[in-house]
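To start, the structure under review is shown below, and the notes come after it.
As structure tokens, this is what we get:
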């Protein structure tokens with residue numbers, strides 16, 4: 006307990022001498038509390054066992070456990086014989102001195118003291134039981150004694166049999182009063198369980214039917230969704246095809262517009278070729294053999310022609326000269342034009358410093374297929390395979406290539 010002046014007092018002192026304490030010095034009962042700190046100090050105190058003969062010592066918190074195990078402690082016999090003995094001598098007391106410690110013989114079922122058990126077992130080992138032991142007779146003895154017992158105890162044996170029969174009859178009547186034999190009772194229980202299971206199966210069947218209906222609904226919806234998806238895919242494919250056609254049409258219009266911007270209709274055409282260095286290198290390596298110019302016309306409704314140049318040469322000029330050729334193309338108005346093509350063709354490579362242009366001209370060979378009415382998109386090119394030596398093309402004395410660009414001019418008379 007805790008006092009008002011904060012000095013602790015133990016429970017035992019308060020109970021032994023309550024008059025020495027004034028009520029004012031203690032906390033009120035409802036305000037009293039156990040002091041955990043002092044309890045911890047007490048549990049760590051060193052103590053020793055006061056039982057005579059015991060030498061145990063330790064701390065206070067282990068003392069209670071020792072008391073329950075101390076071999077020298079005096080304890081009452083648990084059989085109720087009234088004796089108080091040391092814990093270490095309890096086993097000897099039970100075996101030799103306890104009057105209440107009895108055992109039952111497994112052969113003759115009689116009660117014996119512990120000290121008599123061994124001798125009794127030896128004496129009864131050679132004894133047989135009565136044939137009526139199953140109905141309650143407890144006699145045991147030698148074969149001669151058993152014969153005498155069976156002759157003299159006929160009435161007792163008949164009484165035991167009668168009692169046994171009455172017990173059997175009572176058991177059967179009890180079962181009959183319930184209206185069912187054991188087998189019928191089992192069948193009834195099984196029928197009840199079967200009825201319960203049938204109800205469960207019926208519920209499960211309804212749930213399965215409901216699930217099947219939901220699955221069918223999902224399948225129908227899935228088919229509708231698949232049909233919708235296929236329809237959308239067809240529409241997308243059609244839109245893609247239309248878009249491709251429109252792209253092709255736009256490309257064609259772009260080419261036509263570009264051709265219209267670059268086309269010439271007076272027989273004079275100026276061709277600007279850029280990136281000459283790269284294109285010449287491509288021609289040397291064979292990546293690009295020849296270059297075609299945009300088409301141009303001798304008149305508004307005249308012959309359709311173009312130029313073809315081999316920057317690294319072709320035929321007899323390959324690798325040494327730049328080759329320049331004239332190509333007659335299939336035009337929209339060929340049916341109205343005279344054939345073969347008869348106009349004089351003049352080539353010019355312009356010196357961009359206006360000093361020395363390279364000029365070459367020729368008249369068509371009227372027997373050559375190159376100048377007949379085209380059957381295919383283009384006739385075979387004809388012109389100047391040795392138009393300009395490559396050394397002169399790159400010569401610093403002239404400006405045939407300036408800022409990686411050259412200009413070719415064609416005049417049709």
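Numbering (my numbering), first residue to last: 6 to 418. Idealized CB from N, CA, C, for every residue including glycine. Keep in mind that this is a model prediction, so the values were computed, not measured.
Measure the C-alpha to C-alpha separation of residue 384 and residue 319 and round it to an integer number of angstroms.
Distance between the alpha carbons of residue 384 and residue 319: 17 Å.
Threshold first: 3 residues or longer. Then list the beta strand (DSSP E) segments lying entirely within the region 81 to 105, N to C.
Correct list: 89 to 91.
For residue 417, list the residues DSSP reports as bridge partners.
DSSP, once it has assigned bridges, lists 350 as partnering residue 417.
According to DSSP, is residue 2 part of a helix, a strand, or is it coil?
The displayed coordinates of the chain run from 6 to 418. Any statement about residue 2 would go beyond what the structure contains.
Using a threshold of 6 Å, is the CB atom of residue 214 nearer than that to any non-hydrogen atom of the ligand MG?
Absence of the ligand MG is noted for the structure shown, with no ligands found whatsoever.
Given a cut-off of 7 Å, decide if residue 395 and residue 354 are closer than it, judged by their beta-carbon atoms.
The answer is no: Cβ separation not under 7 Å.
How about residue 345 and residue 371: do their beta carbons lie closer than 7 Å?
Cβ atoms of residue 345 and residue 371: closer than 7 Å.
Who are residue 276's beta bridge partners in DSSP?
In the DSSP assignment, residue 276 forms a beta bridge with 413.
What do you get for residue 379, buried or exposed, if any count of 16 or more other CB atoms within 10 angstroms of its CB means buried?
The C-beta of residue 379 has 16 or more other C-beta atoms within 10 Å across all chains shown, which makes the residue buried.
Of the residues 156, 135 and 158, the one placed nearest residue 147, counting alpha carbons only
Among 156, 135 and 158, the Cα nearest to that of residue 147 belongs to 135.
Residues bridged to residue 50 [DSSP beta-bridge criterion]:
Partner(s): none; residue 50 has no beta bridge.
Give me the residue from 285, 296 and 53 with the minimum Cα distance to residue 324.
Cα-wise, what sits closest to residue 324 is 285.
Between residue 306 and residue 333, which are expected to be in contact by the criterion C-beta below 8 Å, what is the C-beta distance as a whole number of angstroms?
Separation of the CB atoms of residue 306 and residue 333 is rounded to 15 Å, and the pair is thereby denied contact status at 8 Å.
Name the two residues that bound the continuous beta strand (DSSP E) containing residue 316.
Run containing residue 316: none; DSSP gives neither H nor E here.
Three-state secondary structure (DSSP) at residue 224?
Helix at residue 224.
Drop a sphere of 10 angstroms on the beta-carbon of residue 310, count the other beta-carbons inside from all chains shown, and report buried for 16 or more, exposed for fewer.
So residue 310 ends up on the buried side.
Range of the contiguous alpha helix (DSSP H) that encloses residue 157
It spans 148 to 157 - the alpha helix (DSSP H) in which residue 157 sits, taken as one unbroken run.
Figure out for me which residue from 237, 241 and 298 has the closest Cα to the Cα of residue 263.
Of the listed residues, the one whose Cα sits closest to residue 263 is 298.
Taking the C-alpha atoms as reference points, what is the distance between residue 417 and residue 349?
Computed Cα separation, rounded: 6 Å.
On a CA-only basis, which of 287, 280, 314 and 303 is nearest residue 296? Give me that one, please.
Selection 287, 280, 314 and 303 evaluated against residue 296 yields 314 as nearest (Cα-Cα).
For residue 405, count the other beta carbons within 10 Å of its own beta carbon; 16 or more makes it buried, fewer makes it exposed. Which is it?
When all chains shown are included, residue 405 counts as buried.
Just the C-alpha distance for residue 5 and residue 397, rounded to the nearest angstrom, thanks.
The shown model of the chain, from 6 to 418, leaves out residue 5, and the question about it has no answer.
At what residues does the alpha helix (DSSP H) containing residue 396 begin and finish?
Looking at the DSSP string, the run of the alpha helix (DSSP H) that includes residue 396 is 395 to 398.
Quick one, are the C-beta atoms of residue 77 and residue 102 less than 7 Å apart?
If you check the CB distance, residue 77 and residue 102 do not come in under 7 Å.
Where the beta strand (DSSP E) through residue 365 begins and ends:
Run containing residue 365: 363 to 367, per the beta strand (DSSP E) assignment.
Hey, residue 105 and residue 99: beta-carbon distance below 7 Å or not?
Residue 99 sits away from residue 105, with the two beta carbons spaced by 7 Å or more.
What's the C-alpha gap between residue 411 and residue 335?
Approximately 28 Å between the Cα atoms of the pair.
Residues in its own chain within less than 6 Å of residue 81 by CB, not counting five upstream and five downstream?
89.
Can you check which of these residues, 42, 44 and 70, is closest to residue 53 by C-alpha distance?
Nearest to residue 53 by C-alpha distance, out of 42, 44 and 70, is 70.
So is residue 270 buried or exposed if we call it buried at 16+ other beta carbons inside 10 Å?
Only exposed fits residue 270, as fewer than 16 other CB atoms lie within 10 angstroms of its CB.
May I have the straight-line CA-CA distance separating residue 266 from residue 258, to the nearest angstrom?
Cα to Cα, residue 266 sits roughly 12 Å from residue 258.
Helix, strand or coil for residue 326? Go by DSSP, reduced to three states.
In the structure shown, residue 326 sits in a strand (DSSP, three-state: E or B).
Which residues does DSSP pair with residue 383 in a beta bridge?
Residue 383 pairs with 334.
Residue environment, residue 193, which counts as buried when at least 16 other CB atoms sit within 10 Å
Per the 10 Å Cβ criterion, exposed.
Between residue 92 and residue 75, which are expected to be in contact by the criterion C-beta below 8 Å, what is the C-beta distance as a whole number of angstroms?
Indeed, because the Cβ distance is near 7 Å, the residues count as touching under 8 Å.
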